[in-house]
Amino acid sequence: MKLERAVVEVFGGCNYSCSMCPQSGAGRGKDWTRKMPLKLFKKILDQLPGNPIINLEGSGEPTLAKDLPEYIRACTDRGFKSFVYTNGSRFKGQFMQDCIDAGLSFIRFSVIGDNAQEYRKWMGNDNYYMIHDHIRSTKEYIDESESDCIISSYHLITNRDREEWQASVYQSKIEELGIIGYVWKMHNWSGNYAPEYNRNGLTKKTCGRPFAPEITIRAGGLDGKQAAVTPCCQTMGPPNEDKSVLGHFQDQSFDEIWNGDKYNELRIAHENEDWPEYCNDCDFLIDDPNVLVWTNDKDCKQHKMLGATDLSLYRK
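Structure, rendered in structure tokens:
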């Protein structure tokens with residue numbers, strides 16, 4: 187088996203309080219909001235089979251790691267592409283340039299809300315215009331340095347009664363910035379929230395993740411351990427993050443976790459559609475082809491993970 191994608195969380199905490207995210211309110215808890223030690227990060231990279239894309243965010247904010255360029259460089263040195271998903275508030279100046287120079291392959295800025303007021307409501311601060319400035323300056327530096335790094339933005343429909351209109355506003359801003367962008371429906375973080383959309387009449391089936399060539403590794407873990415493996419990034423925060431742990435890279439190998447009893451029990455549960463508690467209410471079990479509202483990414487395909495060549499979550 188060769189991995190196509192590995193989500194390796196560099197920093198578990200966040201400097202934002204987005205109302206739709208489990209990082210807000212009660213939060214994830216101190217066991218989950220730590221920094222992944224660089225030494226442990228490199229140890230993990232050296233065990234990963236294949237040539238996977240490395241997503242450095244997990245569900246925390248990676249730019250809170252002041253030495254993030256060193257993590258990117260560790261990926262580059264091993265021939266791995268590195269992706270960063272960020273709120274963008276710290277991605278500026280010399281720090282931004284150092285990340286690009288270290289070999290960053292893809293940077294995605296989350297901008298939830300189609301104007302400054304909506305952004306404040308959903309993301310908890312007044313950084314709307316500043317983030318767009320950071321996107322512009324990042325684009326300028328990529329062009330100046332002749333980097334191959336790709337810039338993208340990520341948006342959510344926050345008003346389902348005005349979905350088409352809101353998507354068009356997002357689209358206009360994406361085109362103005364000259365970047366790739368995605369507009370998605372809201373999701374419920376593995377049952378942490380009530381579903382935003384009517385799911386009646388839609389088929390419930392495996393999301394495909396337990397069988398896919400990808401792995402999700404958190405910065406934190408249970409009982410003071412670090413580098414916990416979870417089925418995906420959706421099982422974040424209470425009550426499901428603790429329940430979904432399949433092992434820890436701190437004291438286990440890739441093979442021990444990937445072929446271990448807990449991972450195999452998860453696969454069997456999805457085969458039998460007997461979902462474990464931490465999966466049961468997740469939106470990703472709903473077969474809804476319309477969750478992606480709009481994108482200008484010509485390479486985007488249904489069930490295909492961003493940036494991966496062969497990784498598909500589709501299962502009959």
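Heads up: the sequence shown runs through residues 187 to 502, numbered per my numbering. Where is the CB? At the ideal position from N, CA and C, for every residue including glycine.
Counting along the chain, R191 sits inside no alpha helix (DSSP H); it lies in the beta strand (DSSP E) bounded by residues L189 to V194.
In the DSSP assignment, S338 falls within the unbroken beta strand (DSSP E) covering I336 to L342.
Ranked by Cα distance from Y340, the options Y271, Q352, E362 and A288 are led by Y271.
Your pair I317 and I366 does not check out as a contact, with CB atoms roughly 16 Å apart and the cut at 8 Å. If you compare the alpha carbons of I286, R214, D347 and S205 with that of G407, the shortest gap goes to R214. Ranked by Cα distance from I328, the options I293, Q357 and V355 are led by I293. Contact between the region 239-258 and the region 304-313 is absent, with fewer than three C-beta pairs closer than 8 Å. A direct Cα-Cα distance of roughly 10 Å separates I239 from T262. The region 188-205 makes contact with the region 216-223, as at least three CB pairs between them are under 8 Å. Annotation for L231: the continuous alpha helix (DSSP H) segment containing it runs L224 to L231. Judged by pairs of C-beta atoms under 8 Å, the region 367-374 does not touch the region 385-392, as fewer than three such pairs exist. Under the three-pair Cβ rule at 8 Å, the region 413-430 counts as touching the region 454-468. Non-local C-beta neighbours of G377 in its own chain, meaning closer than 7 Å and more than five positions away in sequence, comprise N426, N466, D467 and C468, ordered along the chain. Following the DSSP letters along the chain, one finds G279 in no beta strand (DSSP E) but inside the alpha helix (DSSP H) bounded by residues G279 to D287.
Within 10 angstroms of the beta-carbon of N313 lie 16 or more other beta-carbons, which makes it buried.
In the displayed model, R220 falls within coil according to three-state DSSP, outside both helix and strand. Pairing V194 with L432, the inter-Cα distance amounts to about 15 Å. Between the beta-carbon of V415 and that of I443 there is about 5 Å, and that keeps the pair under the 8 Å contact cut. In this chain, T421 is not harboured by any beta strand (DSSP E), its DSSP state being neither H nor E. Scanning the region 427-471 for uninterrupted alpha helix (DSSP H) segments of 4 residues or longer gives 440-444 and 447-457, listed from N- to C-terminal end.
Under the criterion of beta carbons closer than 8 Å, A405 and F435 do not qualify as touching, at roughly 11 Å.
Comparing alpha carbon positions, the residue from D287, L290, Y315 and W308 closest to S203 is W308. Going by C-alpha positions, G387 is about 10 Å away from I472. In the DSSP assignment, Y305 forms no beta bridge with any residue. According to DSSP, T272 shares a beta bridge with F295.
Between V479 and A353, the C-beta gap is smaller than 8 Å, which places the two residues in contact.
Annotation: the continuous beta strand (DSSP E) that includes V415 extends over A414 to T416. For secondary structure counted as the beta strand (DSSP E) over 3 or more consecutive residues, the region 351-409 holds these complete runs in sequence order: 366-370 and 400-403. Per DSSP, the continuous alpha helix (DSSP H) segment holding P255 begins and ends at L254 to D263. The beta carbon of K267 lies closer than 6 Å to those of I239 and S291 in the same chain, with the five residues before and after it left out.
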